[in-house]
Amino acid sequence: MHELIERSIRAFSEYFQNFFVYEENLLSKIDPRVKVVGFTILAILSVSTFEIEKILFIIISIYLLAFLSGISIVKLMKRSYLFPLFSFFIVLPTMFFGEPFSYVLIFSLRIFAAISSLQLLIISTPFNDVISALRALKVPEKLLNSLWVTYIYSYILVRDLLAILIARESRRVKRSGHIETMKRGGEALGLFMLRSMEKGEKVALAMKLRGEPIGKVKGSKLLIPYFLLVVVWWTIL
Amino acid sequence: MHIPDGFLDLNLAALFYLLSFAVLIYAFRKAEINPATLGVVAAAIFAAQMLNWPIPGGTSAHFVGGGLAGILLGPYAGSIAMSLVLIIQTLVFGDGGITALGANLWNMAIVNVFVGYYVYSIFRKYSEQLASFLAGWFGITLAATMAGVEIGLSSAFKYGVIEAASVMFIWHGVLGIIEGIITAAVISYISTRAEVKAQAPSKAALALIAVMIVLAPLFAYLAELVNYTEPLEVAAEKLGLNENSLWSGIFPDYTVPGINDYFGALITGAIGVALILAIGVALARANREKH
Numbered sequence: 627m628h629e630l631i632e633r634s635i636r637a638f639s640e641y642f643q644n645f646f647v648y649e650e651n652l653l654s655k656i657d658p659r660v661k662v663v664g665f666t667i668l669a670i671l672s673v674s675t676f677e678i679e680k681i682l683f684i685i686i687s688i689y690l691l692a693f694l695s696g697i698s699i700v701k702l703m704k705r706s707y708l709f710p711l712f713s714f715f716i717v718l719p720t721m722f723f724g725e726p727f728s729y730v731l732i733f734s735l736r737i738f739a740a741i742s743s744l745q746l747l748i749i750s751t752p753f754n755d756v757i758s759a760l761r762a763l764k765v766p767e768k769l770l771n772s773l774w775v776t777y778i779y780s781y782i783l784v785r786d787l788l789a790i791l792i793a794r795e796s797r798r799v800k801r802s803g804h805i806e807t808m809k810r811g812g813e814a815l816g817l818f819m820l821r822s823m824e825k826g827e828k829v830a831l832a833m834k835l836r837g838e839p840i841g842k843v844k845g846s847k848l849l850i851p852y853f854l855l856v857v858v859w860w861t862i863l
Numbered sequence: 438m439h440i441p442d443g444f445l446d447l448n449l450a451a452l453f454y455l456l457s458f459a460v461l462i463y464a465f466r467k468a469e470i471n472p473a474t475l476g477v478v479a480a481a482i483f484a485a486q487m488l489n490w491p492i493p494g495g496t497s498a499h500f501v502g503g504g505l506a507g508i509l510l511g512p513y514a515g516s517i518a519m520s521l522v523l524i525i526q527t528l529v530f531g532d533g534g535i536t537a538l539g540a541n542l543w544n545m546a547i548v549n550v551f552v553g554y555y556v557y558s559i560f561r562k563y564s565e566q567l568a569s570f571l572a573g574w575f576g577i578t579l580a581a582t583m584a585g586v587e588i589g590l591s592s593a594f595k596y597g598v599i600e601a602a603s604v605m606f607i608w609h610g611v612l613g614i615i616e617g618i619i620t621a622a623v624i625s626y627i628s629t630r631a632e633v634k635a636q637a638p639s640k641a642a643l644a645l646i647a648v649m650i651v652l653a654p655l656f657a658y659l660a661e662l663v664n665y666t667e668p669l670e671v672a673a674e675k676l677g678l679n680e681n682s683l684w685s686g687i688f689p690d691y692t693v694p695g696i697n698d699y700f701g702a703l704i705t706g707a708i709g710v711a712l713i714l715a716i717g718v719a720l721a722r723a724n725r726e727k728h
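Residue numbers (this note's numbering), protein chains in the order written: chain A, 627 to 863; chain B, 438 to 728.
The structure is reproduced here in structure tokens:
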């Protein structure tokens, strides 16, 4: 089971790096409602066309915005290139069936544009601001409260799960195969789920005592003209 | 299985947003769990998904947990818990596209959870372990097939429905075995320590799932209508290659010699499902005898 633990710790650390990706920059001072709506529009524009001019225009707009806000372009690219590259290889065989190479390229570029847009939102906006924005955009309160609890407890529960796995591994005396690992790991997961359900009930009671957890929206709306300009230019193109 | 932005046509993406939200709003009304409790359980599923299970050959697989969520929480609360995980994965980790979120919710939070729950409910009377194995396997395999259908129907993605759906079906059909084993191990542990009481769903939800399952072969029929041909065969024809099989199998090209092709495909499909069921039963029995 040590392999399960080792691999999982690697996955945990890779995943949780995202919790620390947010950085203070010019974009982070903008109203999160504007950013959520604006970057969603950019993602929609990216995937609604196959015209290379429009897609390149969106990519340039996103990276220009990142550059002007002081966000590292290399960092943004590193966070956005993997899926488009994967998609490129998925659609590459369509060339055997008569699709031109331009289709393969444009298909991957539009994914790159949409993912870059989402990544820029993630880098420039802490999750509590995203929640506040969604609240201001009238997303149901019940859903947002659950979403917030999921976010803040994910790290704690990962640690709980890891603690259970390590405790069980430390008591193991013989070598285990794949099936044995899945069985023992499954049992550990069962114990973890039971404990999590209990914890969930305690947290619900504690939250009831403390009251509402989510703050209000803050920030300026300076980004609105930029998004409007991009949309108008995209339409003209 | 997370569909990124750009794979789905916008009209399809919008349709799945609508479908998912309709089901999830209904689920929110029906679920009898406090939002905070649900949030913590969702965080637990999120943590469970990050486990990297080693599989033979040096590679590893992730657990999705839709079937498990359905069994533990019932289809309504289970689908909401999975939705929370998927929304966080999109908005915090960039896993899955923002335009494709509706489709991802439909596949992993609705199809996976509801199918998992119903399969478990049907087979539970025979064996708890078998039922949870099948819930995990069917849930993830059908969810992945649904993702393949959605991508295949999109004009932006140049492969057809049959290619996309069959690749997803085959790949996740294999990975689903791991999902099934883990689900069975978790439920087997929990059932010895607590009574698993999931909230019973309504008949309307059952009808919805049935319609989804019945509609699946319709896509195959539509593919036939538009003269779909096997892409590898087209490629081979263009390259001037000839087929030279060493062994054509018991049922060559999913047909039964001497029987009409369509009935042959149905029979071979049924045999395939029966084989998987038999393997599941054998594994469950072997496991029970060991205990």
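Glycine included, C-beta positions come from ideal geometry on N, C-alpha and C.
{"Check": "In the DSSP assignment, find the unbroken beta strand (DSSP E) run with A498/B in it and report its ends.", "Outcome": "497-499"}
{"Check": "Return helix, strand or coil for I656/A, following the three-state DSSP convention.", "Outcome": "strand"}
{"Check": "So is S695/A in contact with chain B if we call contact Cβ pairs under 9 angstroms?", "Outcome": "no"}
{"Check": "Using the rule of at least 16 other Cβ atoms within 10 Å of the residue's Cβ for burial, across every protein chain shown, is Y626/B buried or exposed?", "Outcome": "buried"}
{"Check": "So is P710/A buried or exposed if we call it buried at 16+ other beta carbons inside 10 Å?", "Outcome": "buried"}
{"Check": "Got a sec: which bits of the segment 447-475 of chain B sit with their beta carbon under 9 angstroms from any beta carbon on chain A, in order along the chain?", "Outcome": "L447, A450, L461, I462, F465, I470, N471, P472, A473, T474, L475"}
{"Check": "Please report whether the beta-carbon of N754/A lies at a distance below 9 angstroms from any beta-carbon of chain B.", "Outcome": "no"}
{"Check": "What separation, rounded to the nearest whole angstrom, lies between the Cα atoms of E679/A and W859/A?", "Outcome": "11 angstroms"}
{"Check": "In whole angstroms, what is the alpha-carbon distance linking F723/A and G597/B?", "Outcome": "12 angstroms"}
{"Check": "Using a C-beta cutoff of 9 angstroms, does W490/B count as contacting chain A?", "Outcome": "yes"}
{"Check": "Quick one: Cα of N544/B to Cα of A506/B, how far?", "Outcome": "14 angstroms"}
{"Check": "Name the chain B residues whose beta carbon is nearer than 7 angstroms to that of A692/A?", "Outcome": "Under the 7 angstroms cutoff, chain B gives no residues; its nearest Cβ is about 15 angstroms from A692/A."}
{"Check": "With burial defined as no fewer than 16 other Cβ atoms inside 10 Å of the residue's Cβ, what is the status of G589/B: buried or exposed?", "Outcome": "buried"}
{"Check": "Please determine, among G553/B, A584/B, I517/B, T582/B, the residue with the shortest C-alpha to C-alpha distance to S772/A.", "Outcome": "I517/B"}
{"Check": "How would you list, in chain order, the residues of chain B whose beta-carbon sits under 7 angstroms from the beta-carbon of S796/A?", "Outcome": "Those within 7 angstroms of S796/A in chain B number zero; the least Cβ separation is about 18 angstroms."}
{"Check": "What does W859/A reach in chain E if we use C-beta pairs closer than 8 angstroms?", "Outcome": "This model lacks chain E altogether; the protein chains it does include are A and B."}
{"Check": "Please list the terminal residues of the continuous beta strand (DSSP E) segment that includes N489/B.", "Outcome": "489-491"}
{"Check": "Taking 8 angstroms as the cut-off, is the C-beta of H609/B nearer than that to any heavy atom in the ligand FMN?", "Outcome": "As presented, the structure is devoid of all ligands, the ligand FMN included, so that no description of it is given."}
{"Check": "Just by C-beta distance, which residues in the segment 784-795 of chain A are closer than 7 angstroms to chain B?", "Outcome": "V784, L787"}
{"Check": "Taking the Cβ atom as the reference point for each residue, do N754/A and I697/A lie within a distance shorter than 9 angstroms?", "Outcome": "no"}
{"Check": "Rounding to the nearest angstrom, what Cα-Cα distance links F551/B and A568/B in this structure?", "Outcome": "14 angstroms"}
{"Check": "Please confirm whether Y729/A has its beta-carbon closer than 9 angstroms to some beta-carbon of chain B.", "Outcome": "yes"}
{"Check": "If we cut at 9 angstroms on Cβ distances, does A546/B have a partner in chain A?", "Outcome": "no"}
{"Check": "Of all the options W490/B, N471/B, Q566/B, which has the alpha carbon lying nearest to the alpha carbon of T776/A?", "Outcome": "N471/B"}
{"Check": "Between the segment 491-516 of chain B and chain A, which residues of the former have a C-beta closer than 7 angstroms to a C-beta of the latter?", "Outcome": "P491, I492, P493, S497, L509"}
{"Check": "Using a beta-carbon distance below 9 angstroms, is S750/A in contact with chain B?", "Outcome": "no"}
{"Check": "Expressed to the nearest angstrom, what Euclidean distance is found between the alpha-carbon atoms of I614/B and T629/B?", "Outcome": "23 angstroms"}
{"Check": "DSSP has S672/A in a bridge; who is on the other side?", "Outcome": "DSSP lists no partner for S672/A."}
{"Check": "Just checking: is the beta-carbon of S758/A within a distance shorter than 9 angstroms of some beta-carbon in chain B?", "Outcome": "no"}
{"Check": "Let me confirm a value: Y779/A is counted as buried when at least 16 other C-beta atoms fall within 10 Å, else exposed. Which label applies?", "Outcome": "buried"}
{"Check": "Skipping 5 residues on each side, what residues in its chain have a beta carbon closer than 6 angstroms to that of V548/B?", "Outcome": "L579, A580, M583"}
{"Check": "Show which residues of chain A have a CB atom less than 7 angstroms away from the CB atom of I484/B.", "Outcome": "Before going further, note that residue 484/B is Ala rather than Ile in the sequence given. What A484/B touches in chain A: S780, L783, V784, L787."}
{"Check": "Three-state secondary structure (DSSP) at S564/B?", "Outcome": "coil"}
{"Check": "Which of helix, strand or coil does DSSP assign to S592/B?", "Outcome": "coil"}
{"Check": "Hey, is the segment 712-719 of chain A in contact with the segment 451-471 of chain B, meaning 3+ C-beta pairs nearer than 8 angstroms?", "Outcome": "no"}
{"Check": "Could one say the Cβ of P766/A lies closer than 9 angstroms to chain B's Cβ atoms, at least one of them?", "Outcome": "yes"}
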